[in-house]
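Participant: Respectively, the protein sequence lines represent chains A and B. Mind the numbering: the first sequence is residues 13 to 180 in the numbering used here, read in order. Mind the numbering: the second sequence is residues 2 to 488 in the numbering used here, read in order. One structure coming up, written as structure tokens, with questions to follow.
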Amino acid sequence: MQLFFFYLFSLITLSGAVLVVAHPNTLSSAMSLIVSLFGVACLFVLLAAPFVATMQLLLYAGAIMVLFIFVIMLLNPSTNRLVKRLSFGGLLGILISSYLAVILVLRVVSFNKPEEVAISSDYGSLREVGQLLFSTYLVPFEVTSLLLLVAIIGAVVLGRQSLPGGRS
Amino acid sequence: MTILFLAMAKALAPFLALVLSGLLLLIVTAFLPKEKTRLLFYPTLLALAGTTILVATNWVDGFPLEGGMVISDRIAYGFDLVFLLSVFLSTILSRETEEGNAHGGEYYVLTLFATAGMVLMAHSRDLLLLFIALEIMSLSAYILTSYRQSAKGAEAGMKYFVMGAFASGFLLYGIALIYGATGSTDFSVITQAGAGATGNSLWLIRIGVALLLIGFGFKIAAVPFHFWAPDVYEGAPTPVTALMASGVKAAGFVALVRLVIAFAPFTALPWVKILSVLAFLTMTIGNLIALKQTNIKRMLAYSSIAHAGYALVGLAASIKNGQIQEEALAAVLFYMFAYSLMTIGAFAIVVAMGRKGDEVDEIGDYAGLSEHHPALAAAMALFMISLTGIPPTLGFIGKFYLLRAAVSSGLIGLTVVAVLNSVISAFYYLSVVMVIYFQKEKGYRLPQLSYTLLFAVSFTAMAVIYLGLFPEELFQVAKQSFQAVVF
């Protein structure tokens with residue numbers, strides 16, 4: 013049963029990913045990315061990590077995708093973006109990605125099934141993650157808020173009207 | 002739990018002081034009338050001075066404080082002093098430029114947050130925290146770079162941002178590999194786990210460390226990761242350039258120093274060779290390209306690359322037969338301090354040459370400075386001599402300590418290269434002096450000097466001479482910072 017769902021969600025993830033690359037319309041590509049990310053979130057559920065799954069949906073499929081779509085609508089790129097001519101960079105990309113694909117496939121084929129590890133019932137739960145965030149990772153967690161604050165200030169500063177006397 | 006929090010807060014005190022004052026200023030900015038925001042200059046300096054006093058007393062106390070992922074030892078406090086000094090001086094410079102007087106006090110807030118990021122970098126005992134601290138510093142620096150809304154500033158900021166993000170990618174990949182091999186991002190756990198690591202996991206750690214070196218190499222603008230620096234230094238407002246050349250660079254070096262202390266003993270990488278090659282390339286290429294520059298900010302940018310190379314010589318000398326040499330690391334700290342003083346002094350004069358709103362960047366514009374303003378000309382000559390490394394200036398002493406450490410670690414070849422490089426650098430530093438003293442002026446406008454700017458120039462000039470004559474005490478401070486290094 014678990015195996016069935018694993019393959020189902022993997023299929024969703026992969027077909028979404030293929031559509032992202034293959035679809036000629038940019039907006040549809042972005043939508044396909046949501047499908048792919050949804051599949052990844054489901055895989056996290058299977059791995060007993062419901063918190064990460066929720067975050068995956070909320071942040072990636074939600075917030076970041078909205079950002080993507082904003083950018084796409086702002087820039088309004090032409091729909092025909094499939095590269096016809098093979099450039100040197102493209103060739104290099106194909107070489108590297110096929111090399112990585114070969115390594116991955118070889119690795120999966122020769123993969124030994126690891127012994128099962130017992131995990132506590134609340135592993136990956138909200139409670140567990142929250143406790144970690146506010147004990148071991150307290151300092152980085154709190155300091156990240158400063159990073160976000162700097163980013164917000166930056167957005168305001170860089171987005172404001174020109175300085176009086178400033179050249180543009 | 003409360004005790005843990007208290008310990009953490011105490012260890013983080015300099016960081017917290019900077020962040021809190023930054024937040025306070027941010028709130029004040031919102032309520033100040035727009036013309037008044039330039040007044041934030043004073044509380045910013047006050048906050049920096051207060052933090053400096055806090056750091057200095059903590060350094061004197063000398064007890065390493067620990068809490069969470071934070072370590073507050075003398076290494077951290079020693080580098081904190083370099084950061085705070087360079088931010089203090091470059092903030093003084095910014096009063097003379099458009100940015101410091103711009104409507105909206107975000108400039109000062111971001112300066113404080115950038116400093117907080119640098120301080121946190123020095124205090125991190127954990128790769129995760131180190132990374133977040135680096136991002137706080139870098140993000141603030143990107144914004145400050147394009148604070149002036151001109152095409153050049155925007156280009157510089159964008160370039161800096163993209164290259165910085167690229168470097169962050171290397172860092173994160175490296176951290177991930179090290180975490181994969183050791184199961185922790187904490188330096189002390191990594192050193193313990195790494196000591197027993199063999200085979201594949203040792204290789205993972207090695208590759209991870211190499212990626213970290215590349216990432217921090219970008220931050221200190223070491224060759225071959227330097228190509229962003231000249232454009233960014235040229236396009237940024239001059240006070241921000243001064244900050245990037247001093248504080249941000251020193252922050253990259255504190256990370257490298259921690260890296261060497263944590264990883265050099267057990268990874269069995271050819272550390273000395275790697276760092277020597279890096280130092281050789283950085284010095285030589287920085288100096289050779291600087292020869293051809295006609296823009297003073299670009300010249301100082303390449304000079305800054307070259308000086309990172311000299312400091313890398315000290316880092317290469319800090320490892321001898323797998324043992325950490327405290328004296329060499331102390332020389333690196335000392336050099337960061339010395340270089341920050343000299344280069345900020347030089348940038349102060351670049352600021353002085355321009356009036357509010359426009360900068361005078363060409364070296365040719367300095368012709369005839371000696372007639373109009375002999376004191377300013379003398380100060381510029383002093384900084385150029387010091388950057389070259391001619392006695393009796395601080396620049397000479399800094400190089401002397403570095404090269405002494407290199408010789409005692411047996412890096413004779415690298416020492417010779419460094420000396421030859423100083424000779425090369427004399428060509429372009431002294432040609433600025435020649436222009437100032439021996440070239441006829443061409444339509445030169447006398448800059449108006451304010452008291453704050455005069456303070457910055459005279460303070461750095463006096464420090465360069467005084468510490469050049471009596472460096473011993475300061476070097477003792479640097480040396481004691483590295484006594485009994487542990488994680």
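The beta carbon of each residue, even a glycine, is placed where N, CA and C say it ideally should be.
For Ala17 of chain B, which residues from the same chain have a beta carbon less than 7 Å from its beta carbon, with the 5 sequence-adjacent residues on both sides left out?
Facilitator: To locate residue 17 of chain B, count along the second sequence from 1; it is residue 16. Note that residue 17 of chain B is Leu in the sequence shown here, rather than Ala. Only Ala10 meet the Cβ criterion.
Participant: Using a Cβ-Cβ cut-off of 8 Å, state whether Gly1 of chain B counts as contacting chain A.
Facilitator: What the structure shows of chain B is the stretch from 2 to 488, and residue 1 of chain B is not part of that stretch, so it cannot be assessed.
Participant: If you draw a straight line from the C-alpha of Ser189 of chain B to the C-alpha of Ala263 of chain B, how long is it?
Facilitator: For the purposes of this step, residue 189 of chain B is identified with residue 188 of the second sequence, where counting begins at 1. For the purposes of this step, residue 263 of chain B is identified with residue 262 of the second sequence, where counting begins at 1. Computed Cα separation, rounded: 8 Å.
Participant: Who does Ser125 of chain B pair with in a DSSP beta bridge?
Facilitator: Along the second sequence, one-based indexing puts residue 125 of chain B at 124. BP columns for Ser125 of chain B point to B:Val71.
Participant: Identify whether Leu316 of chain B lies in helix, strand or coil by the three-state DSSP scheme.
Facilitator: On the second sequence, position 315 is the one that residue 316 of chain B refers to. Leu316 of chain B: helix per DSSP, three-state reduction.
Participant: Taking the alpha helix (DSSP H) that Asp232 of chain B belongs to, which residues open and close that run?
Facilitator: To locate residue 232 of chain B, count along the second sequence from 1; it is residue 231. Segment 230-236, the alpha helix (DSSP H) holding Asp232 of chain B.
Participant: Are three or more beta carbon pairs between the region 317-334 of chain B and the region 463-475 of chain B nearer than 8 Å?
Facilitator: With the cut-off at 8 Å, the region 317-334 of chain B and the region 463-475 of chain B do not touch.
Participant: Can you give me, in chain order, the residues of the region 125-146 of chain A that have a beta carbon less than 7 Å from any beta carbon in chain B?
Facilitator: The region 125-146 of chain A vs chain B, Cβ under 7 Å: nothing.
Participant: Can you tell me whether Gly118 of chain B is buried or exposed? The criterion is at least 16 other CB atoms within 10 Å of its CB, across all chains shown.
Facilitator: Taking the second sequence and counting its residues from 1, one reaches residue 118 of chain B at position 117. Flag for Gly118 of chain B reads buried.
Participant: Here's the rule I'm using: 16 or more other beta-carbon atoms within 10 Å means buried, otherwise exposed. How should Thr394 of chain B be labelled?
Facilitator: To locate residue 394 of chain B, count along the second sequence from 1; it is residue 393. Flag for Thr394 of chain B reads buried.
Participant: Take the Cβ of His374 of chain B as the centre, count every other Cβ of all protein chains shown within 10 Å, and call the residue buried at 16 or more, exposed below.
Facilitator: Position 373 of the second sequence, counted from the first residue, corresponds to residue 374 of chain B. With 16 or more Cβ atoms within 10 Å of its Cβ, His374 of chain B is classed as buried.
Participant: For Ser137 of chain A versus Pro36 of chain A, is the C-beta spacing smaller than 8 Å?
Facilitator: For the purposes of this step, residue 137 of chain A is identified with residue 125 of the first sequence, where counting begins at 1. For the purposes of this step, residue 36 of chain A is identified with residue 24 of the first sequence, where counting begins at 1. Against a cut-off of 8 Å, the Cβ pair of Pro36 of chain A and Ser137 of chain A comes out as no contact.
Participant: Let's test the definition: count the other Cβ atoms within 10 Å of the Cβ of Val418 of chain B and tell me whether it reaches 16, buried, or not, exposed.
Facilitator: Locating residue 418 of chain B in the second sequence gives position 417, counting from the first residue. So Val418 of chain B ends up on the buried side.
Participant: Using the Cβ count rule (16 or more neighbours within 10 Å means buried), how would you classify Glu136 of chain B?
Facilitator: Within the second sequence, numbered from 1, the residue matching residue 136 of chain B stands at position 135. It is buried - the Cβ of Glu136 of chain B has at least 16 other Cβ atoms within 10 Å.
Participant: From this set, B:Phe64, B:Ile93, B:Leu292, B:Ser371, which residue's C-alpha is nearest Ser423 of chain B's C-alpha?
Facilitator: Numbered from 1 along the second sequence, position 422 holds the residue referred to as residue 423 of chain B. The shortest Cα separation from Ser423 of chain B among B:Phe64, B:Ile93, B:Leu292, B:Ser371 belongs to B:Leu292.
Participant: Shorter than 8 Å from the beta carbon of Glu97 of chain B to some beta carbon of chain A?
Facilitator: Counted from its first residue, the second sequence places residue 97 of chain B at position 96. With 8 Å as the cut-off, Glu97 of chain B does not count as an interface residue toward chain A.
Participant: When you compare only the Cα positions, how much space is there between Gly346 of chain B and Phe89 of chain B?
Facilitator: For the purposes of this step, residue 346 of chain B is taken as the residue at position 345 of the second sequence. For the purposes of this step, residue 89 of chain B is taken as the residue at position 88 of the second sequence. For Gly346 of chain B and Phe89 of chain B, the distance between alpha carbons rounds to 12 Å.
Participant: For Leu45 of chain A versus Met77 of chain A, is the C-beta spacing smaller than 8 Å?
Facilitator: Translated into positions along the first sequence, residue 45 of chain A becomes position 33. Translated into positions along the first sequence, residue 77 of chain A becomes position 65. Closer than 8 Å, so yes.
Participant: Check Asn422 of chain B in the structure and name its three-state DSSP category.
Facilitator: Sequence index remark: in the second sequence, residue 422 of chain B carries index 421 (1-based). Looking at Asn422 of chain B - three-state DSSP - the assignment turns out to be helix.
Participant: I need the straight-line Cα distance from Pro87 of chain B to Tyr340 of chain B, nearest angstrom please.
Facilitator: As a position in the second sequence, residue 87 of chain B is number 86, starting the count at 1. As a position in the second sequence, residue 340 of chain B is number 339, starting the count at 1. Position check: residue 87 of chain B holds Ser in this sequence, whereas Pro was assumed. The alpha-carbon atoms of Ser87 of chain B and Tyr340 of chain B are separated by roughly 10 Å.
Participant: Three-state secondary structure (DSSP) at Asp540 of chain B?
Facilitator: No statement about residue 540 of chain B is possible, as the shown extent of chain B runs from 2 to 488 and does not include it.
Participant: From the DSSP output, in three-state form, read off Leu66 of chain B for me.
Facilitator: What you label residue 66 of chain B is simply residue 65 of the second sequence in a count that begins at 1. DSSP places Leu66 of chain B in strand when its eight states are reduced to three.
Participant: Compute the beta-carbon to beta-carbon distance between Gly106 of chain B and Leu47 of chain B, rounded to the nearest angstrom, for a pair I have assumed lies under 8 Å.
Facilitator: The residue labelled residue 106 of chain B in the question sits at position 105 within the second sequence. The residue labelled residue 47 of chain B in the question sits at position 46 within the second sequence. Gly106 of chain B to Leu47 of chain B, Cβ: 14 Å. No contact.
Participant: Starting from Ser141 of chain B, find everything on chain A with Cβ-Cβ shorter than 7 Å and list it in chain order.
Facilitator: As a working mapping, residue 141 of chain B is identified with position 140 in the second sequence. Those are Val162, listed as they occur along chain A.
Participant: Is Thr38 of chain A close to chain B? Criterion is C-beta to C-beta, closer than 8 Å.
Facilitator: Counting from one through the first sequence, the residue named residue 38 of chain A turns up at place 26. Cβ-Cβ to chain B under 8 Å: no for Thr38 of chain A.
Participant: Rounded to the nearest angstrom, how far is the Cβ of Thr183 of chain B from that of Ile206 of chain B, given a contact under 8 Å?
Facilitator: Stepping through the second sequence from its first residue, residue 183 of chain B is reached at position 182. Stepping through the second sequence from its first residue, residue 206 of chain B is reached at position 205. Right, their Cβ atoms sit about 7 Å apart.
Participant: For the candidate residues B:Thr242, B:Leu27, B:Gly68, B:Thr53, whose alpha-carbon lies nearest to that of Leu13 of chain B?
Facilitator: One-based indexing of the second sequence puts residue 13 of chain B at position 12. Of the candidates B:Thr242, B:Leu27, B:Gly68, B:Thr53, the one whose C-alpha sits nearest the C-alpha of Leu13 of chain B is B:Gly68.
Participant: Answer yes or no: does any C-beta atom of chain A fall closer than 8 Å to that of Leu213 of chain B?
Facilitator: Counting from one through the second sequence, the residue named residue 213 of chain B turns up at place 212. By this cut-off, Leu213 of chain B is not an interface position.
Participant: Taking His373 of chain B as part of the alpha helix (DSSP H), name the residues at either end of that continuous run.
Facilitator: Here residue 373 of chain B corresponds to residue number 372 of the second sequence, with the count starting at 1. Unbroken alpha helix (DSSP H) run through His373 of chain B: 370-373.
Participant: If we count Cβ pairs, one from each stretch, closer than 8 Å, do we get three or more for the region 110-123 of chain A versus the region 40-57 of chain A?
Facilitator: Verdict: no, contact absent.
Participant: Can you tell me whether Arg179 of chain A is helix, strand or coil according to DSSP?
Facilitator: By one-based count along the first sequence, residue 179 of chain A stands at place 167. Any reading at Arg179 of chain A must be qualified, since the residue scores a pLDDT of 41, below 50, and its modelled position is unreliable; the value itself is stated next. Coil, per DSSP.
Participant: Pop quiz: Gly310 of chain B and Gly287 of chain B are said to be a contact at Cβ under 8 Å. What is the actual Cβ separation, rounded to whole angstroms?
Facilitator: By one-based count along the second sequence, residue 310 of chain B stands at place 309. By one-based count along the second sequence, residue 287 of chain B stands at place 286. Between Gly287 of chain B and Gly310 of chain B the Cβ distance is about 6 Å, and since that is below 8 Å, they are a contact.
Participant: Which residue's Cα is closest to the Cα of Pro472 of chain B: B:Leu113, B:Phe335, B:Phe64?
Facilitator: Against the second sequence, residue 472 of chain B aligns to sequence position 471. Among B:Leu113, B:Phe335, B:Phe64, the Cα nearest to that of Pro472 of chain B belongs to B:Phe335.
Participant: In chain B, which residues lie less than 7 Å from Pro62 of chain A when you measure between Cβ atoms?
Facilitator: Here residue 62 of chain A refers to the residue found at position 50 when the first sequence is read from its first residue. The premise fails here: Pro62 of chain A is roughly 23 Å from chain B at the closest Cβ pair, so nothing lies under 7 Å.
Participant: Could you name the residues of the region 153-175 of chain B whose beta carbon sits closer than 7 Å to any beta carbon of chain A, in the order they occur along the chain?
Facilitator: Residues: none.
Participant: Less than 8 Å separating the beta-carbons of Leu276 of chain B and Leu313 of chain B?
Facilitator: Counting from one through the second sequence, the residue named residue 276 of chain B turns up at place 275. Counting from one through the second sequence, the residue named residue 313 of chain B turns up at place 312. Their beta carbons are under 8 Å apart, which means Leu276 of chain B touches Leu313 of chain B by this criterion.
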